[in-house]
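Working notes, beginning with the structure itself.
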Amino acid sequence: MRSSPIGRTAGALFAALSFAAGLAAAQSPAVVAKEVDLAQQQQSQQAVQPLNNQPVWKEIRSGVPQITTVQGRETNILIQSQGETWRAVRVPIAFWGGLLFALTVGGLAAFYMIRGTMSTQVKPGDRVIERLTPADRYAHWLMAIVWVTLGVTGLILSLGKSVLLPLIGYTLFSWLAVLAKNLHNFIGPVLIVAVPWMIVRFIRYNGISIDDFRWFAHLRGYFKGEEYPSGKFNAGEKLVFWLVLVVLSTTLVVSGLVLVFPNFDQTRSTMQVANVVHMIAAYVAIALACVHIYLGTLGVSGTYAAMRDGYVDATWAEHHHLRWYEDVVAGRAREQFVQREAAPVAVAAARAKPA
Ligand code: HEM
């Protein structure tokens, strides 16, 4: 809408009056005397300790109200001094989180080189069992695509300046950082739908029993091809469900929303706390998700079929989820044996390899 000449003149007059009023307030004798005093202190501080702005920070940290034109909950807080504490806390979190991520990826790569894909006497037979319904798989695919995009862009935002910038230079890194930031901010809110949908679809498979603790007690057997018998999902998968999905992903969604929508009258301290919580939850979740993705793809042969086709080989089920397999045999489970050709989707045969 175009304003009239009278409107423009009135606007200019109002701006000029406001400026003059601000100038008058800023130049009251008490304020001028205080500023001169502070400037003198700063000058002598610079002579003794160059770059140390202690007098200014002392005044800011004193809690004496500053003068700002900001309206709302942060009126008169010109510089929020806890911001310095937040800045200092972020560095060790990014360092230890980055180290955790590097050790996880390095550990998985070393494990793969030593052990290779864990394939345990899977004899591709004619029979398959439905592992995940189409709705389960759609919920999981949405979660996987969104979550992995957020994980990768989040790592670029958190570690890129220290790790990537020295390698790829300012121009490329600046493009990458802008792209990562926008992807992260715009795709993040999709988790508001993806997390609850996945929880609702999978919670029925994740009841906890004493056998889950026994499974963990026999964890060595899992890596030696002698798994402790488990139901439809083993205790490790239940840990992914409860810790990575329910606890950490929900924490990431809530803290992420506090950060991405700063217009809900939250203060800067609330956002700083949210940022610290977001970083810690993200690094722990990313490390655990790396292990989950490894075991679901390269790590254990025949497992990825559950995500791709929704069906797994009967011998795979017998080896990895004996209790569930027995339930299917006894007709106690919802799932039944299906001939491979009769499955509603083309089901690829698992590769048969000796243990
Ligand atoms: C590229 C990424 C991913 C791949 C390739 C992948 C792979 C798989 C596979 C193959 C299964 C079926 C395992 C089985 O049948 O025993 C599965 C199940 C599951 N995945 Fe993923 N996944 C990915 C990402 C994620 C993420 C990011 C999360 C959570 C935030 C997640 C949570 C789960 C859960 C909860 C289950 C079911 C386990 C249970 O309910 O106990 N996945 N995944």
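Each residue of the sequence shown is one higher than the one before, starting from 48 at the first, in my numbering.
Ideal placement from N, C-alpha and C gives every residue a C-beta, glycine not left out.
Just so we're clear, the structure is a prediction, and the values are computed from it rather than from any experiment.
Ranked by Cα distance from Val237, the options Asn253, Gly346, Thr317, Leu299 are led by Leu299. At least 8 Å separates the beta-carbon of Phe142 from that of Leu202. DSSP links Gln386 through a beta bridge to Arg174. Asn99 is classed as exposed because its beta carbon has fewer than 16 other beta carbons within 10 Å across all chains shown.
Beyond the five residues adjoining it in sequence on each side, Val359 comes within less than 7 Å, by CB distance, of Val175, Ile176, Arg178, Gly349, Ala352, Ala353 in the same chain, given in chain order.
With a 10 Å radius around the Cβ and a threshold of 16 neighbouring Cβ atoms, Asp312 comes out exposed. Boundaries of the alpha helix (DSSP H) harbouring Tyr269: 266–270, taken from the DSSP string.
Going down the chain, each residue whose beta-carbon is closer than 6 Å to a heavy atom of the ligand HEM shows up: Arg178, His187, Met190, Ala191, Trp194, Val195, Phe249, Tyr252, Asn253, Phe280, Glu284, Lys285, Val287, Phe288, Val291, Leu292, Ser296, Ala336, His339, Ile340, Gly343, Thr344, Thr350, Tyr351, Ala353, Met354. According to the DSSP assignment, Val359 belongs to the beta strand (DSSP E) that extends over 358–360. Sequence-distant partners of Gly343 (beyond 5 residues in either direction) whose C-beta falls short of 7 Å from its own C-beta, in its chain, are Thr350, Tyr351, Met354.
Assigned with DSSP and collapsed to three states, Val347 falls in strand. Counting along the chain, Arg162 sits inside the alpha helix (DSSP H) bounded by residues 129–162. Residues Asn123 of the same chain have their beta carbon placed closer than 7 Å to that of Pro112, with the five preceding and five following residues left out of the count.
In chain order, Val242 place their CB closer than 8 Å to the CB of Thr297, counting only its own chain and leaving out the 5 sequence neighbours on each side. The beta carbon of Ser128 lies closer than 6 Å to those of Ile107, Arg108 in the same chain, with the five residues before and after it left out. Within the DSSP bridge table, the entry for Met326 names no partner. Bridge partners of Met165 according to DSSP: Val347.
Setting aside the 5 residues that flank it on each side, Ala380 is surrounded in the same chain by Asp374, each with a C-beta closer than 6 Å to its C-beta; the list follows chain order. Using a 10 angstroms sphere on the CB of Ile192, the tally of other CB atoms stays under 16, which defines it as exposed.
For Ile340, the closest of Gly283, Glu274, Ile114, Ala390 by C-alpha to C-alpha distance is Gly283. Across the structure, Leu290 and Pro276 are spaced so that their CA atoms are roughly 22 Å apart.
A Cβ-Cβ separation of about 15 Å leaves Gly278 out of contact with Trp363 under the 8 Å criterion. Following the DSSP letters along the chain, one finds Thr200 inside the alpha helix (DSSP H) bounded by residues 181–210. Distances from the CA of Ala186 to each of Ile239, Phe233, Met245, Val103 were compared; the closest alpha carbon is that of Met245.
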